[in-house]
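Below you'll find the structure, written out as structure tokens, and then a few comments.
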Amino acid sequence: MIYLAAPSAHRSSHASRRRSLAPLQTAWVAWLLCGATSLAFALDPTKAPTQFIHNVWQIEHGLPQNSARAITQTRDGYLWIGTEEGLVRFDGMSFTLFDKENTAAMTSSSILALCEDHAGTLWIGTHKGGLIRYSKGNFSAIRSIDGLSESIVWSIHEDDGGHLWIGTDQHGLYRLDQGRVTATYREKDGLPSDKVTAVCAGSEGDLWIGTIRGLCRMKDGSFRTYSIADGLSNSIVMALHCDRAGSVWVGTRGGGLNRFQNGVFADYPAKAALSGDIIRCIYEDRAGSLWIGTTGGGLKRFAGDRLDVHSTGDGLSHENVVSIFEDREENLWVGTDGGGLNRLKEGTVTPYGAQEGLSNDMVWAIEEDREGDVWLGTWGGGLNRLSGGTVRSYTQKDGLANDWIWAVKADPEGRLWIGTYGGGLSCLQNGRLRTLTKKDGLSSDNVMSFCLDRSGALWVGTFGGGLNRLKDGKVTVLGKDQGLSNADVIFVHEDRQGRLWVGTFGGGLNLLKDGRFTVYTAKDGLSSDTLTSIYEDSDGTLWIGTFGGGLMRLKDGRFTAYRKKNGLFDDVAFSILEDGSGNLWMSCNKGLYRVSKKRLDLFASGQTTSIICTSFGKADGMRSAECNSGRACKTRDGRLWFPTIRGAAVVDAAHMKTNPIAPPVYITSITVDGVRRGTGARTFSPGSERFEMEYTAVNLGAAERVSFKFMMEGFDKDWVAAGTRRVAYYTHIPPGHYRFRAVACNEDGVWNETGDSLEFDLHPHFYRTGWFYAICVGAAVMLAMAIHGLRVRRLVEREKELTRHVDDALAKIRVLRGLLPICASCKNIRDDKGYWEAIELYIAAHSEAEFTHGICPACMAKLYPDHHPRLRLTDQPGTDG
């Protein structure tokens, strides 16, 4: 909220809805004032139940019915809730229903009792449906000849020996071993009644049995009954619990809560306050606190000697509480009869407002005095003092200037200075209040800020009246006439050098040194002239909050702006505090946010271009994320107090807990082309194109903050960051073998790297299968062989044709060698057409013979007798030599 809100006369204080024992009404406040460290368990017993984060789930959120009669958690992380209309499994985000309509083993959907045994089997007690077992994803009914299958099962309990004890409505007590009934006990065996309402195992090897006719102890096969005559407040026993100290707590119908200790029913603190209650359930958490569910009286917690009551006025969904359970993440689950399911959990931020006893929720200014008391100024409710476990309010009736407080400042002398809107300045000293207004020289009655300098002077910043200096009873005013840039003063701060810094609403930053003002505005590097707060760290760096301009750093005379565009959570910084780890905490209208100074320095030096912030809001324990712009406070114990419109928001930054449990991951279903399949489906038909892989992670404290990554091995090359989305989409996946994997991390970044996986096969169309390819290859080979055979046949036939032509040619050549008609005179030859031609031409036409021309020896002798005087007969072929 911006700080210019006008007072509203119709705003009234809210009465606290928390009820407890009178002597212990606000004892838990001591934790806030004494700086108790964060405990090893989740639900701190020193806090009021109203200070835990409270959530409710009902029919509109997924429950089948609003009576959560039984609650347990199985080792896979799921929370199981029994209702009148079925059993539901919860992962922190969504419910899965099992009832007689979808589960064959269930003949009744009304669930009364739940218990997981040492082997991981979930046992389910029903109304007239007997006992049902859930193991490895399958439900089965326990049948017996003794009527267990038709019984009303009120109670299921496993003892240290692994024996399962079943309390029924009309058939007494059953003992099961390894899923089989091994013994039954009824009135004839020593039970006071066959209607067994509750069972628990004691610390001495005994078994305590609650019935409608008293409490019974079974040990070594013998029974001992305790009734009203023995000190039991009422004989109708509704609930039992054997605590770690060996006491047995007995809840009765109309007789309240009894404690059996050392053989007798013993008194305990707050017994009278519970004496008339109908006790429906008793649960001991890890801190040792005893939580008690009542009919008509809401939820009660017995911690040490203190009794706290949490009812519908505090946010409980119904006054009839019938089941309580603490999960492994240390959240407390509370089932009601008609109001659904409630969850209480520890938050990073602890709220402190009207529900815890403040006079008004609208807290504007917070201060710690020299005694360690915390003062809270409210808007319309006056001033509250938290001291020694008590809350004391001061209002106008007690002499306060008025009830609209803007500023509070404690000085070393034990005085408390209170600035009001319209009433001037009040001073509380030794229990007495005195007021200073404009009539006494103050420049304005709208007092917004204080600063006590090293000289002992009190500087008073006013809205509309500039700056006032109070010293030795004298008021000195410094305004625009003295050089102040703006009369609306938001903060005043003296730095380690003795310089005075004055922040204004619209006039920028003023530096008062040696009696003169130097003004810094947007022209000089400020991101905004509307300032909200200032903080000086250990090395003298000034951090300045603005409204709309983010965060400013002034170091070595240079301004650096940090804006939302650079990664800052918001451009508003109402208040600035530093924790012990070098982080700055700031407030705005959207909650609180934290940023490392080291990161801010790296940004200023140009070594990084972005800022990383962590934000905190309603999910972390704030009743409202909207903060006020008044003074925040860091107390001596290191806790940070911020004013909000719903009380103070307190952060113990040095003891912030993280969730070390990596969330179990499960792939829950596959949807293919719009048809939802179970995870048992591992093969999919050809043509499947659209795949939706649904997965979840069990986180019962902050399921909405779980982040996921997934990968389709065989398709994706790397992990896909899904954020908080719990489904993965794939289209046009080619046929093949795939493995889908999902992993998750919790709200604090703890990863389950193993996650869950699912393998499946996507079958191809027949024309994309191996056998089809083989057939096609075979057919192609056969076709090729056929084509090759045809080609060979054609080549053979062609060869035969060529051979025939050759033979014909040869035949013709052979005719040439036969009888040839040659002229005896001219030696011409007659051809086939009857023409005479030279023999040489004829032979050339009828054969492939070639000719050469020469002169035979006889012709040589005739033609050239001079060169051959005699003829050698031996040179002639065919002549004898």
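The sequence shown begins at 1076 in this note's numbering and counts up by one. C-beta: ideal position from N, C-alpha, C; glycine also. Please read all numbers here as calculations on a predicted model, not as lab measurements.
From the options, residue whose alpha carbon lies closest to that of residue i
i            : options                   : result
residue 1824 : 1798, 1812, 1930 and 1764 : 1798
residue 1703 : 1631, 1437, 1645 and 1687 : 1437
residue 1429 : 1132, 1740 and 1125       : 1125
residue 1809 : 1790, 1820, 1826 and 1800 : 1790
residue 1248 : 1814, 1285 and 1304       : 1285
residue 1755 : 1836, 1733, 1495 and 1796 : 1836
residue 1287 : 1313, 1265 and 1279       : 1313
residue 1730 : 1714, 1307 and 1575       : 1714
residue 1583 : 1773, 1576, 1572 and 1595 : 1595
residue 1751 : 1767, 1761, 1739 and 1740 : 1767
residue 1627 : 1462, 1654 and 1597       : 1597
residue 1354 : 1905, 1233 and 1273       : 1273
residue 1442 : 1404, 1426, 1485 and 1425 : 1485
residue 1320 : 1334, 1477 and 1326       : 1334
residue 1251 : 1231, 1901 and 1265       : 1231
residue 1716 : 1449, 1300, 1939 and 1687 : 1449
residue 1676 : 1775, 1210 and 1630       : 1630
residue 1478 : 1578, 1899, 1811 and 1454 : 1454
residue 1803 : 1745, 1775 and 1855       : 1745
residue 1341 : 1324, 1655 and 1605       : 1324
Same chain, Cβ closer than 6 Å to residue i, neighbours up to 5 away in sequence not counted
i            : result
residue 1215 : 1180 and 1208
residue 1469 : 1457, 1458 and 1475
residue 1538 : 1521, 1523 and 1563
residue 1467 : 1460
residue 1219 : 1256
residue 1546 : 1532
Per-residue DSSP class, three states only, for residue i
i            : result
residue 1918 : helix
residue 1418 : strand
residue 1541 : coil
residue 1966 : Past the boundaries of the shown model lies residue 1966; the chain is included only from 1076 to 1956, so the question cannot be answered.
residue 1630 : strand
residue 1148 : strand
residue 1228 : strand
residue 1235 : coil
residue 1678 : helix
residue 1267 : coil
residue 1563 : strand
residue 1688 : strand
residue 1937 : helix
residue 1442 : strand
residue 1401 : strand
residue 1474 : coil
residue 1851 : helix
residue 1862 : helix
residue 1412 : strand
DSSP bridge partner residues for residue i (one or two, in chain order)
i            : result
residue 1459 : 1451 and 1468
residue 1638 : DSSP, once it has assigned bridges, lists no residue as partnering residue 1638.
residue 1496 : 1521
residue 1661 : 1651 and 1668
residue 1488 : Residue 1488 pairs with nothing; no bridge assigned.
residue 1256 : 1251
residue 1827 : 1819
residue 1901 : Answer is none; residue 1901 lacks a bridge partner.
residue 1696 : The partner list for residue 1696 (beta bridge, DSSP) is empty, contrary to what the question assumes.
Beta-carbon proximity list for residue i, same chain, < 7 Å, skipping 5 on both sides
i            : result
residue 1244 : 1226, 1227, 1229 and 1270
residue 1204 : 1181, 1182 and 1183
residue 1740 : 1770, 1772, 1817, 1818, 1819, 1827, 1830 and 1831
residue 1109 : With a pLDDT of only 39 at residue 1109, under 50, the local geometry of the prediction cannot be trusted, and the value read off the model is given with reservation. Correct list: empty, nothing qualifies.
residue 1258 : 1250
residue 1902 : 1914
Close-in-space but distant-in-sequence residues of the same chain around residue i (CB under 8 Å, 5 per side omitted)
i            : result
residue 1743 : 1754, 1769, 1770 and 1771
Determine contact between the stretch 1184-1195 and the stretch 1129-1149, defined as no fewer than three beta-carbon pairs at a distance below 8 Å. yes
Answer yes if the stretch 1160-1170 comes into contact with the stretch 1125-1138, meaning at least three C-beta pairs across the two stretches below 8 Å, and no otherwise. yes
Is the number of C-beta pairs between the stretch 1730-1745 and the stretch 1436-1450 that are closer than 8 Å three or more? no
Would you call the stretch 1397-1405 in contact with the stretch 1687-1698, where contact means no fewer than 3 C-beta pairs closer than 8 Å? no
At least 3 beta-carbon pairs within less than 8 Å: the stretch 1596-1611 vs the stretch 1558-1578: yes
Three-pair Cβ contact test at 8 Å for the stretch 1852-1864 versus the stretch 1766-1785: no
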